[in-house]
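Working notes, beginning with the structure itself.
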Amino acid sequence: MPKLEDQLVRALQPGMSVPDPFKRLFEWIEDKGLYIDRASGERFGALYPEAALRKGWTESERPGGTIIEFHAEGNSSLHHWFGHKRQEVLSRLCVFAKTGADGSMAALWLAPDGRQLIVHLGSGSGSLMVCVLAEEPVDFLRLLAIGYDELCWGDAYSMFPNANTSDGSIVVRPNAPFQAWVQDTFGVQIPTTGAETVRHPDDLGTPDSCDIFNQWVAQNVA
């Protein structure tokens, strides 16, 4: 069965590379056994044991921090999202994770200036957030470690995790092992809010968005 890194390597577009922090992340996931191998021959990684997640999930709270599913999808289905098959657009993206149950995605993006950034593509049926999640891979891991329910809701980034539990949302307990691993491995601190790493969590169609990925998508989506 191909490892998570191998699958991502195969899905990368020309000019892209697997960031070293992602390699370490995938090693951590696989060393902890936090993955499922499906009959299709694909591996899907997580940040928290599924059995423990289900056991601890009640009507009022759940453990495990942010839920995310790592799977190297590449750009094979992005023509549905963009509404066209122009390879000069699609070949600049490589989807590597699902950020929400609604189908939202995180991807590597080759920006016009040549940088490889980590971006978000909202599903459109739930999240509409289209923006740069992180310019540096370690900042993406720091964002994941904060402990939001999912990464796809940009309006949460200005608040602490669990700030909206008064509306009936469950309390999300932090993923302490992952937080400790990020801090110890990279010598960084976990931000208190997503706004410390995500500068412009704008929805697609936001007038005069300052986010460079949002601007690029607006020019290239059908």
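So the sequence shown is numbered by my numbering: it starts at 2 and just counts up by one.
Note that beta-carbon positions come from the ideal geometry of N, C-alpha and C, so glycine has one too.
- DSSP places Phe97 outside any alpha helix (DSSP H); the residue lies instead in the beta strand (DSSP E), whose first and last residues are 94-99.
- For Gly75 against Val90, the beta-carbon gap comes to about 14 Å, at or over 8 Å, which does not count as contact.
- In this structure Leu144 does not touch Ala107 by the C-beta definition: roughly 10 Å separates them, more than the 8 Å allowed.
- Assignment of beta-bridge partners to Tyr158 by DSSP yields no partner.
- The straight-line gap separating the alpha-carbon atoms of Trp154 and Met130 is approximately 7 Å.
- In the pairwise beta carbon analysis, the region 119-129 is classified as not touching the region 184-192: fewer than three pairs are separated by under 8 Å.
- Taking 8 Å as the cut-off, the beta carbon of Ala146 is found no closer than this to the beta carbon of Val173.
- Here DSSP, grouped into helix, strand and coil, assigns Val222 to coil.
- When DSSP assignments are scanned along the region 103-167, the uninterrupted stretches of alpha helix (DSSP H) that are 4 or more residues long and fall wholly within it turn out to be 138-147.
- Around the C-beta of Phe161, fewer than 16 other C-beta atoms lie within 10 Å, and the residue is accordingly described as exposed.
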